[in-house]
Structure formats: C-alpha cells, structure tokens
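Participant: Take this structure first; my questions come after.
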Amino acid sequence: MRTSLGLHILGATLAGRVLADDAPPSTDNPAGVVYQAILPKEPFFAGAAIEGNVKGSIMAVAEDDGNGVMFSIMFENLPAEGGPFTYHIHTDRVVDNNCTVTKTHLDPYNAGVAVPCDPSNPQSCEVGDLAGKHGKVDSDPYMMNYTDLYASTNESSMSFFGNRSFVLHYANSTRITCANFELKMMEMPGNCNSTKTPAPMHR
C-alpha cells in the first residue's frame, strides 16, 4: 500500500515537471538599468530572535551585453537560529510591511516547488528562486555577487522582476522580512552627459 502511494506521488511530481517549461535565458536586458530592494527597519515576523530587523539589500544590474542580470546580495543581523535562510523573488509587492501579500515565488514557467531546485540545471528552477540557484544564506554577514541568466530587467519579459519584491525566509519557509524592488537609475542611450550614482546598499 505504501509502495503504491509512493509511486502515485512520484508520478504526480514527474507529471508536473513534464508540464513545466525551462526558463529561457534573458538576452534582451536594457543596459544601464539598476533595481534595488532595501529591507525595512522593522521585521515582518515579530518572533524573530534579533534586535530590530535583518539589515541588507539586493541590487540588480543588467549586464552590458544584455545577457542576464548581475545581483549583489548583502544581509546582516540575521536571526541566531532557524537557518540556513533562503530568499526568493515573489510575484507581488509588499504593502504596509506585510510579506504575506507578496504571494508566491516568481515562476512564469511553472517549475513549482515539488522538485527542489537543482543549481546545476538552473533553467529548470523557478525564476525567482535565487537561493536555490545560487546558494542559501549561511553566514552573518552574508555577501554574494553572481549573474543570473534567467531573471530579467526587460518589462516585456515574463521573468521581469522590477515591479515585484523579494522575501527572506527561515529554513522552514516562515517569512522573516521583505522589500520591494525599485528602479534606481537608467542611463538614456546617447546621453553622454548623463551621470549614474548608485544608491547605498542598506540603511
């Protein structure tokens, strides 16, 4: 009986993956576009074993050749327990510091969560599963830079995240804190006099 149930669950999981599509590489990201999400001073999860909130931000910069997006991740003042922590781009924006309203992970190609993200096969993962593709938060402070080839700063792309948010989670998926991505700067093509001043990484 248990064997039959196990095979049924496995079959359903595999069927879900068959219906999913691999995320295509983002190759048309506009150069000079920067998005940043900065964590608020107050945590969403009141039971977090920290003073104040996790400090940090995610900065995302379109690569010069349009292929992929370079992410700069910085977190500090993390909870003493409950890690390693994960973080994901979520579909909806934060309202009044409420991380619940951000809904689910950005997943336009229906990868789902039934099968864990395989970092060696990132196109099969949820577009928004940055921790799954590039590593969980396992130190305090935590700093990481990488290029994600599937997230997009092109507003016409299904993988566009500039109007969305990210959520930092405990290992058990409880939401600790969250922040909205905001457009920080965009250099106009052909404007030789334009200047770019990046925003600070965190408050």
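Under mature numbering (1 follows the signal peptide of the UniProt record, and there is no 0), residues -20 to -1, 1 to 183 are what the sequence shown spells out, in order.
By construction, the Cβ of each residue, glycine as well, lies at the ideal position given by its N, Cα and C atoms.
(1) Taking just the CA atoms, how far does His149 sit from Ala131?
(2) One question on the structure: do Val14 and Val34 come within less than 8 Å of each other, judged by their Cβ atoms?
(3) Is there contact here, the stretch 84 to 100 with the stretch 1 to 10, by at least three beta-carbon pairs under 8 Å?
(4) My assumption, with CB atoms under 8 Å, is that Lys116 sits in contact with Phe65. Please give the rounded CB distance.
(5) Hey, would you say the C-beta of Cys97 is under 7 Å away from at least one heavy atom of the ligand GTP?
(6) Cα-Cα, which of Met165, Lys164 and Ile156 is closest to Tyr67?
(7) Just to confirm the assignment, what range does the beta strand (DSSP E) spanning Leu148 have?
(8) Are the beta-carbon atoms belonging to Pro5 and Ala29 less than 8 Å from one another?
(9) The alpha helix (DSSP H) spanning Gly112 covers which residue range?
(10) Provide the residue(s) that pair with Gly36 in DSSP beta bridges, ordered along the chain.
(11) Looking at the structure shown, is Thr82 part of a helix, part of a strand, or coil, going by DSSP?
(12) So what does Glu162 bridge to, in DSSP terms?
(13) Look at the alpha carbon of Phe24 and the alpha carbon of Glu106, and state the distance between them as a whole number of angstroms.
(14) Round the Cβ separation of Gly36 and Ile69 to the nearest angstrom and send it over; I've been treating them as touching at under 8 Å.
(15) Identify whether Ser6 lies in helix, strand or coil by the three-state DSSP scheme.
(16) Could you tell me which of Met50, Asp118 and Arg144 sits nearest to Asp87, measuring between CA atoms?
(17) Report buried or exposed for Ala151, applying the criterion of at least 16 other Cβ atoms within 10 angstroms of its Cβ.
(18) Buried or exposed: which applies to Leu163, given that a residue is buried once 16 or more other Cβ atoms fall within 10 Å of its Cβ?
(19) Count the other CB atoms, across all protein chains shown, that sit within 10 Å of the CB of Lys44; report buried if there are 16 or more and exposed otherwise.
(20) Taking Asn125 as part of the beta strand (DSSP E), name the residues at either end of that continuous run.
(21) Quick check: what's the CA-CA separation for Leu(-7) versus Asn9?
Facilitator: So, from the data block:
(1) Between the C-alpha atoms of Ala131 and His149 there is a straight-line separation of about 20 Å.
(2) In this structure, Val34 does not lie closer than 8 Å to Val14 by Cβ.
(3) Yes: the two stretches touch, three or more of their Cβ pairs being nearer than 8 Å.
(4) Indeed, because the Cβ distance is near 6 Å, the residues count as touching under 8 Å.
(5) Summarising the ligand content, the structure contains no ligands, and the ligand GTP is consequently not present.
(6) Selected option, being the one with the closest Cα: Ile156.
(7) Note, Leu148: beta strand (DSSP E), Ser145 to His149.
(8) No.
(9) Residues Leu110 to His114.
(10) Answer by DSSP bridge pairing, in chain order: Phe55.
(11) In this structure, Thr82 counts as helix in the three-state DSSP scheme.
(12) DSSP lists Gln16 as partners of Glu162.
(13) For Phe24 and Glu106, the distance between alpha carbons rounds to 24 Å.
(14) For a cut-off of 8 Å, the C-beta gap from Gly36 to Ile69 is around 15 Å, too long to register as a contact.
(15) Coil.
(16) Looking at the Cα atoms, Arg144 is the closest of the given residues.
(17) Burial call: exposed.
(18) Classification for Leu163: exposed.
(19) One detail in the question is off: residue 44 reads as Asp in this sequence, not Lys. So Asp44 counts as exposed.
(20) Counting along the chain, the beta strand (DSSP E) containing Asn125 begins and ends at Tyr122 to Asp128.
(21) A caution first: Leu(-7) carries a pLDDT of 47, below 50, which makes its placement in the model too unreliable to give a value.
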